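Asks: Sharing a structure below in structure tokens format, with a few things to ask.
Number of protein chains: 2
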Amino acid sequence: MHTLLDSVRTPGDLRKLSVIQLTQLAAELRDFVLHTTQTKAGHIKSSLGVTELTLALHYVYNTPDDILIWDVGHQAYIHKILTGRKDKFHSNRKKGGLSGFTKRSESEYDPFGAGHSSTSISAAIGFAEADRLQGKKRHYIAVIGDGALTGGESLEALNYLGERQLNVTVILNDNQSSIDANVGALAHFGNYKALCDAFHLDFEGGVDGHSVEKIINSLSRSKEVNRPKMIHLVTQKGKGWKAGSGSAKATNSLSFQDVFSQTLIRLAETNDTIVGVSPAMLSGSGLHEFGARFPERVFDVGIAEQHAVTMSAGMAANGLKPFCHLYSTFAQRGYDQIIHDVALQKLPVVFCLDRAGLAGEDGPTHHGAFDPGFLNTIPGIVVAASLDGSALAALMEEAAGYSGGPFAIRYPKDGSFGKLEKKELPLGKLQKVKNGSAKAVISFGAIGLEVQKALEGSEYAHFDLVYLKPLDEAGLIAILEEYNEVIIVEENSKAGGAGESIVSLAGRIGVDCRIKCKCLPDAFIEHGSRQQLLEVTGLDASSLKEFIDR
Amino acid sequence: MHTLLDSVRTPGDLRKLSVIQLTQLAAELRDFVLHTTQTKAGHIKSSLGVTELTLALHYVYNTPDDILIWDVGHQAYIHKILTGRKDKFHSNRKKGGLSGFTKRSESEYDPFGAGHSSTSISAAIGFAEADRLQGKKRHYIAVIGDGALTGGESLEALNYLGERQLNVTVILNDNQSSIDANVGALAHFGNYKALCDAFHLDFEGGVDGHSVEKIINSLSRSKEVNRPKMIHLVTQKGKGWKAGSGSAKATNSLSFQDVFSQTLIRLAETNDTIVGVSPAMLSGSGLHEFGARFPERVFDVGIAEQHAVTMSAGMAANGLKPFCHLYSTFAQRGYDQIIHDVALQKLPVVFCLDRAGLAGEDGPTHHGAFDPGFLNTIPGIVVAASLDGSALAALMEEAAGYSGGPFAIRYPKDGSFGKLEKKELPLGKLQKVKNGSAKAVISFGAIGLEVQKALEGSEYAHFDLVYLKPLDEAGLIAILEEYNEVIIVEENSKAGGAGESIVSLAGRIGVDCRIKCKCLPDAFIEHGSRQQLLEVTGLDASSLKEFIDR
Chain A
164 MHTLLDSVRT PGDLRKLSVI QLTQLAAELR DFVLHTTQTK AGHIKSSLGV TELTLALHYV
224 YNTPDDILIW DVGHQAYIHK ILTGRKDKFH SNRKKGGLSG FTKRSESEYD PFGAGHSSTS
284 ISAAIGFAEA DRLQGKKRHY IAVIGDGALT GGESLEALNY LGERQLNVTV ILNDNQSSID
344 ANVGALAHFG NYKALCDAFH LDFEGGVDGH SVEKIINSLS RSKEVNRPKM IHLVTQKGKG
404 WKAGSGSAKA TNSLSFQDVF SQTLIRLAET NDTIVGVSPA MLSGSGLHEF GARFPERVFD
464 VGIAEQHAVT MSAGMAANGL KPFCHLYSTF AQRGYDQIIH DVALQKLPVV FCLDRAGLAG
524 EDGPTHHGAF DPGFLNTIPG IVVAASLDGS ALAALMEEAA GYSGGPFAIR YPKDGSFGKL
584 EKKELPLGKL QKVKNGSAKA VISFGAIGLE VQKALEGSEY AHFDLVYLKP LDEAGLIAIL
644 EEYNEVIIVE ENSKAGGAGE SIVSLAGRIG VDCRIKCKCL PDAFIEHGSR QQLLEVTGLD
704 ASSLKEFIDR
Chain B
164 MHTLLDSVRT PGDLRKLSVI QLTQLAAELR DFVLHTTQTK AGHIKSSLGV TELTLALHYV
224 YNTPDDILIW DVGHQAYIHK ILTGRKDKFH SNRKKGGLSG FTKRSESEYD PFGAGHSSTS
284 ISAAIGFAEA DRLQGKKRHY IAVIGDGALT GGESLEALNY LGERQLNVTV ILNDNQSSID
344 ANVGALAHFG NYKALCDAFH LDFEGGVDGH SVEKIINSLS RSKEVNRPKM IHLVTQKGKG
404 WKAGSGSAKA TNSLSFQDVF SQTLIRLAET NDTIVGVSPA MLSGSGLHEF GARFPERVFD
464 VGIAEQHAVT MSAGMAANGL KPFCHLYSTF AQRGYDQIIH DVALQKLPVV FCLDRAGLAG
524 EDGPTHHGAF DPGFLNTIPG IVVAASLDGS ALAALMEEAA GYSGGPFAIR YPKDGSFGKL
584 EKKELPLGKL QKVKNGSAKA VISFGAIGLE VQKALEGSEY AHFDLVYLKP LDEAGLIAIL
644 EEYNEVIIVE ENSKAGGAGE SIVSLAGRIG VDCRIKCKCL PDAFIEHGSR QQLLEVTGLD
704 ASSLKEFIDR
């Protein structure tokens, strides 16, 4: 029974209700969300926590004319339901369905999309500055969590905002959470008033984020003040959430994440210098287990990739061996630091690039498509990828013993491995996976598992490149000279990747071998399950078989 | 007469002097710097401003055992002179000489090098965390300017520091300057006390930065407090600086920077939506002139590349046409934002990537070697480079009219052009520069000017690639089919660049043409004049002639 909800098609309908009705609507919305989707608890909880806020925002402000920007965008489920997307909400995060994040192409109520954090204030400022020049007046609201506020870009934006005195309202959704519990002095001591004093912003603190009425009062007051301001809202992440059967894993198989976690613990047992660093991804990475074993040697810096990388560089300069865990797509946030602080100074930081390749339901903001290209161009860095769990363990072992500079290892969120096989993957050497003749497939990373399936029962050979940098030129030349045809398969963009590197080598030595390359298309790839996306991009075993045979 | 200075070889000697003698030493140091070097006024002024601070730091702290990290590193001239590098100081910024920045390989007194800003606090924290684990106690000092403090990484680091309560001292050198006058609410209102309250750091404000005695007193007190703290020092940038004949330009010729500036003004005269955005590089970019003409349409956001890019994205989403000016090497700081906020949303932001290629005396932290590779991997972005001033103007015109997404144009700090020639460079089309036979050289960007010199009197043809992305496949295939040999020349790293892209295309179509590639070596290139570095890397006209003829 969603009597009220059924009557609300747009925020315009909402504005006809009484404040008391909004409280009832909040309950209906929670019920609807919980009955419609059970996937991605983190996103649902973030969204449930802002149910009252979402209602109040659309009630007070004249969206979509007023500009409402949700940071990260994963807290926008209620927003989506209230802005004409209720009937499609069941398709959330499914292939062809709604995105799990805000998205410009999805609705005029999403003026700026996001899947990464800490961009909303800068974006709102951009809208405000543009209006100022174009003589338009309206309201600009950025909703940001206390976790995302620790990202440097947010703080850069507040500093700018305070000087320019634009009419931007920052709603700080303080649920004391990042992905895990939030860290940092701001969250720990909660002195957001002082932060606003430093940046010369108006501040209203401690608003009850689960009272629609109080939020409406606060927003209505704020609306009359033509100055930048922060409204600090206290909410409870996942308010109304009832844990279902959950995602308790019953299998004994190991994912890449399990292998990362177990291997790091094993290496750290005999090497005191090893530490784990993560920007707010302890649970997603497997570093929670490492931290349980070595509480003094795990460093969750919060959402702060730049700081994570440079701090790792400082640690390495002072005798430690940091394993800095980054999702491939978030490594983009620390790119300059990887170049300028780590590689240029030849500091031995290991970068474990998780969620490499197609990230599945999180979609285009989260696919790890670019890291091989953007890393390959950096002098002196090692760029490796893991075929499987055993390879990841072997590469981490290799990296632990390497002191020549940074060492990056990419692997996807995936994997189901049994007992790991002890193997060695010496630096700069490719590996033979399967004997064969006529054609040879060279794969880079875990996409090699699809290649293995594609080659079942085939006469063709299979090699694992292992290292994109340094490239095993001798090994590759031997392959190029032995086989009539070489097929290169990788789960990343073309530019700077394995295909271009090997074709370029073949061109230089002038070898007479047909080479075909398969990689991710030069496009942003939408969301869907990893298997669906492999099919969409022609990287599943069956498409690969056809490509190889062709 | 540098009586005292001549007696000081290391900080140990310094510590034997009286505080009164330090004041005399400060005068001698200023005199020495001004008589030894006159290049790079910005660096000299930054260094002169911290003369007293530098003396006090080495006097109070037990360097090099205590960890002293200079943010950016260009304020470290006095530090270098006092730490055993006085006799080499005349070689500062010259090929084979001292670096203009701090550098680990140069001295044990430089525990962490930097040429980019805002990294010092993170690095100092890394040292402190490593010591904590390793049971070592000492002091950690990060010296950072008020300009660099606005970079998001600094604020990420302060947030971390306040929670961890490490014994790190942040010296805020407040000279009210970034490269130009500093911007942002922090600098404007100067409420650093509130910032420290927010981040839970001890704070001492308003210390006279030109009184050695007062600084020493302050540092000595701070040294006894085992907590994180910020000491706010008021200094005068360039204290003691006497402007010499200066760098007044007497020529009528135009640099790329002049062309950028004039063209943007011309385009903006007929297109109201054009605005200029820069992270603290108004004078370096040529945007000062644009701002003088259109004061409402220029946006200096301070040292805050992430914010600069996302704000540009917000502006573009709201109807403006931002020209976001970034030094190539600093674009690395906004890389995620270029991908996630601009390209993914297909927003028409123009990125003018200045200082592309070899940046000369600033050295490895400042060379713009990587942008073609790291941009080429991004779907839907246009990646172009300017052969000369006329080409830059034409590309900016093309970009101004392009609404399909981001458009990047790279060009070096260089150029001496007469009257510009009106030309058109339609999207995705390469251009013939010179007719010829047998061999064809395809160059990407301003290195084509060296190719032109190399080909003087030669029979070979010369083409300007203009666009790395989208690649002119038809045009390239025609060249590959017509000539026996094709030589590709570019001033950037190999991975993802023009050479690999074209060789990869040739491989795909199976053309029978010898291809040779010349690009920057896969190494960080040291400092020197641009001409010297072109020679070192084999990219000067004479080396290129040899390479082409070979």
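Just so you know, the sequences run in chain order A and B. Take the first sequence: its letters are residues 164 to 713, numbered as in this note's numbering. Take the second sequence: its letters are residues 164 to 713, numbered as in this note's numbering. Glycine included, each C-beta is placed from N, C-alpha and C at the ideal position. In this text, all values refer to a predicted model and were calculated from it rather than measured experimentally.
(1) Between the C-alpha atoms of Glu269(A) and Trp233(A), what's the straight-line distance to the nearest angstrom?
(2) Suppose the cutoff is 6 Å on Cβ atoms and the five residues either side in sequence are ignored; what does the same chain contact list for Arg460(A) look like?
(3) What does Asp735(B) reach in chain A if we use C-beta pairs closer than 7 Å?
(4) Look up Phe290(B) in the DSSP assignment and say whether it is helix, strand or coil.
(5) If you measure between the beta carbons of Leu382(A) and Tyr224(A), is that distance less than 9 Å?
(6) Run the CB neighbour count on Gly564(B), radius 10 Å, all protein chains shown included, and call it buried at 16 or more, exposed below.
(7) Could you give the distance in angstroms between the alpha-carbon of Ala480(A) and the alpha-carbon of Glu319(B)?
(8) Grab the span of the beta strand (DSSP E) containing Gln594(A) for me, first residue to last.
(9) Give the interface partners of Pro274(B) over in chain A, defined as CB-CB distance under 7 Å, in chain order.
(10) Leaving aside the five residues before and after Pro227(A) along the sequence, list all residues of the same chain whose C-beta is less than 6 Å from its C-beta, in chain order.
(11) In terms of alpha-carbon separation, which member of Gly526(A), Ile544(A) and Gly591(A) lies closest to Phe514(A)?
(12) Between Leu427(B) and Phe486(B), what straight-line distance do the alpha-carbon atoms span, to the nearest angstrom?
(13) Compile a chain-ordered list of the residues in the region 517-532 of chain A whose CB is closer than 9 Å to at least one CB of chain B.
(14) If you draw a straight line from the alpha carbon of Ile394(B) to that of Lys203(A), how long is it in whole angstroms?
(15) Can you confirm whether Ile288(A), when its beta carbon is compared against all beta carbons of chain B, has any partner nearer than 9 Å?
(16) Per DSSP, which residues does Asp371(A) bridge with? Please list them.
(17) Output the residue ranges of the beta strand (DSSP E) runs that lie fully inside the region 457-490 of chain B and measure 3 residues or longer, sorted by chain position.
(18) At least one CB of chain C closer than 9 Å to the CB of Gly347(A): is that the case?
(19) Classify Ile572(A) as helix, strand or coil using the three-state DSSP reduction.
(20) If you measure from the beta carbon of Asn322(A) to each beta carbon in chain B, is any gap under 9 Å?
(21) Helix, strand or coil, according to DSSP, for Thr265(B) in the structure here?
(22) I want to verify the contact list: residues of chain A whose CB lies under 9 Å from the CB of Glu292(B), in sequence order.
(23) Tyr646(B) to Glu622(A), Cα distance in whole Å?
(24) Leaving out five residues on either side along the sequence, give the residues of the same chain with a beta carbon under 7 Å from the beta carbon of Ala311(A).
(25) For His470(A), which residues from the same chain have a beta carbon less than 6 Å from its beta carbon, with the 5 sequence-adjacent residues on both sides left out?
(26) Taking 9 Å as the cut-off, decide whether the C-beta atoms of Asp655(A) and Gly531(A) are in contact.
(27) Just to confirm, is the Cβ distance from Ala522(B) to Arg693(B) under 9 Å?
(28) What beta strand (DSSP E) runs, 3 residues minimum, are completely inside the region 177-264 of chain B?
(29) Beta carbons nearer than 9 Å to chain B: which residues of the region 572-606 of chain A have them?
(30) Going by beta carbon distance, what residues of the same chain come within less than 8 Å of Val370(B), once the five residues before and after it are set aside?
(31) Report yes or no: do the region 352-360 of chain B and the region 296-304 of chain B share at least 3 C-beta pairs separated by less than 8 Å?
(32) Which runs of the alpha helix (DSSP H), 4 residues or longer, sit entirely within the region 334-389 of chain A?
(33) For the beta strand (DSSP E) containing Ile650(B), list its first residue and its last residue.
(34) Can the beta-carbon of Leu516(B) be found closer than 9 Å to that of Leu489(B)?
(35) Rounding to the nearest angstrom, what Cα-Cα distance links Val629(B) and Gly552(B) in this structure?
(36) Taking Lys402(B) as the reference, give the member of Ile241(B), Glu648(B), Phe453(B) and Asp712(B) with the closest Cα.
Replies: From the atom records:
(1) Translated into the one-based positions of the first sequence, residue 269(A) becomes position 106. Translated into the one-based positions of the first sequence, residue 233(A) becomes position 70. About 14 Å.
(2) As a first step, residue 460(A) must be located in the first sequence, where it is residue number 297. Residues Val438 of the same chain have their beta carbon placed closer than 6 Å to that of Arg460(A), with the five preceding and five following residues left out of the count.
(3) The question about residue 735(B) has no answer, for chain B in this structure spans 164 to 713.
(4) Along the second sequence, read from residue 1 onward, the residue named residue 290(B) stands at position 127. Here Phe290(B) sits in helix by DSSP.
(5) Taking the first residue of the first sequence as 1, we reach residue 382(A) at position 219. Taking the first residue of the first sequence as 1, we reach residue 224(A) at position 61. Yes, they are a contact pair.
(6) Within the second sequence, residue 564(B) is the residue found at index 401, counting from 1. Gly564(B) should be labelled exposed.
(7) Within the first sequence, residue 480(A) is the residue found at index 317, counting from 1. Within the second sequence, residue 319(B) is the residue found at index 156, counting from 1. The C-alpha of Ala480(A) lies about 20 Å from the C-alpha of Glu319(B).
(8) Along the first sequence, read from residue 1 onward, the residue named residue 594(A) stands at position 431. Gln594(A) -> beta strand (DSSP E) spans Gln594 to Lys597.
(9) Position 111 of the second sequence, counted from the first residue, corresponds to residue 274(B). Those are Ala480, listed as they occur along chain A.
(10) As a working note, residue 227(A) is residue 64 in the first sequence. Listed in chain order, the non-local C-beta contacts of Pro227(A) below 6 Å within the same chain comprise Glu271 and Tyr272, local neighbours out to five positions each way being set aside.
(11) Locating residue 514(A) in the first sequence gives position 351, counting from the first residue. The residue with the shortest Cα to Cα distance from Phe514(A) is Ile544(A).
(12) Within the second sequence, the letter at position 264 stands for residue 427(B). Within the second sequence, the letter at position 323 stands for residue 486(B). Cα to Cα, the separation comes out at about 8 Å.
(13) Within the region 517-532 of chain A, the qualifying residues are Pro527, Thr528 and Ala532.
(14) Locating residue 394(B) in the second sequence gives position 231, where the first residue counts as 1. Locating residue 203(A) in the first sequence gives position 40, where the first residue counts as 1. Taking the straight line from one Cα to the other gives about 45 Å.
(15) In the first sequence, residue 288(A) corresponds to position 125, counting from 1. Chain B, which has a Cβ nearer than 9 Å to the Cβ of Ile288(A), makes this yes.
(16) Counting from one through the first sequence, the residue named residue 371(A) turns up at place 208. The bridge partners DSSP lists for Asp371(A) are Val397(A).
(17) For the region 457-490 of chain B, whole beta strand (DSSP E) runs of length 3 or above, ordered along the chain, are 461-463 and 484-490.
(18) This model lacks chain C altogether, as its protein chains are A and B.
(19) Within the first sequence, the letter at position 409 stands for residue 572(A). Correct three-state label for Ile572(A): strand.
(20) In the first sequence, the residue the question calls residue 322(A) occupies position 159. Output row for Asn322(A): interface = yes.
(21) Translated into the one-based positions of the second sequence, residue 265(B) becomes position 102. In the three-state scheme derived from DSSP, where H, G and I count as helix and E and B as strand, Thr265(B) is classed as strand.
(22) Here residue 292(B) is taken as the residue at index 129 of the second sequence, counted from 1. Within 9 Å Cβ-Cβ: Val438, Phe462, Met474, Gly477, Met478, Asn481 and Leu483.
(23) The residue you call residue 646(B) lines up with position 483 of the second sequence. The residue you call residue 622(A) lines up with position 459 of the first sequence. Roughly 39 Å between the two C-alpha positions.
(24) Within the first sequence, the letter at position 148 stands for residue 311(A). Apart from the 5 residues on each side of it in sequence, Ala311(A) sits with its Cβ closer than 7 Å to the Cβ of Asp234, Val235, Ser280, Ser281, Ser317 and Ile466 in its chain, given in chain order.
(25) In the first sequence, the residue the question calls residue 470(A) occupies position 307. The residues are Val464.
(26) Start at 1 with the first residue of the first sequence, and residue 655(A) comes out as number 492. Start at 1 with the first residue of the first sequence, and residue 531(A) comes out as number 368. The displayed chain sequence assigns Asn, not Asp, to residue 655(A). For Asn655(A) and Gly531(A), yes; Cβs fall inside 9 Å.
(27) As a working mapping, residue 522(B) is identified with position 359 in the second sequence. As a working mapping, residue 693(B) is identified with position 530 in the second sequence. Yes, the pair counts as a contact, with Cβ atoms nearer than the cut-off.
(28) Complete beta strand (DSSP E) runs here, min 3: 230-233.
(29) Going along the region 572-606 of chain A in chain order, one finds no residue with a Cβ nearer than 9 Å to chain B.
(30) Position 207 of the second sequence, counting from 1, holds the residue named residue 370(B). Cβ within range, chain order: Lys377, Ile378, Ser381, Ile394, His395, Leu396 and Val397.
(31) Verdict: no, contact absent.
(32) Taking only runs of at least 4 residues, the alpha helix (DSSP H) segments lying wholly in the region 334-389 of chain A are 348-352, 355-362 and 375-386.
(33) By 1-based counting over the second sequence, the position of residue 650(B) is 487. Unbroken beta strand (DSSP E) run through Ile650(B): Glu648 to Glu653.
(34) Within the second sequence, numbered from 1, the residue matching residue 516(B) stands at position 353. Within the second sequence, numbered from 1, the residue matching residue 489(B) stands at position 326. For Leu516(B) and Leu489(B), yes; Cβs fall inside 9 Å.
(35) What you label residue 629(B) is simply residue 466 of the second sequence in a count that begins at 1. What you label residue 552(B) is simply residue 389 of the second sequence in a count that begins at 1. Taking the straight line from one Cα to the other gives about 13 Å.
(36) Taking the second sequence and counting its residues from 1, the one referred to as residue 402(B) is at position 239. Here the closest residue by C-alpha is Ile241(B).
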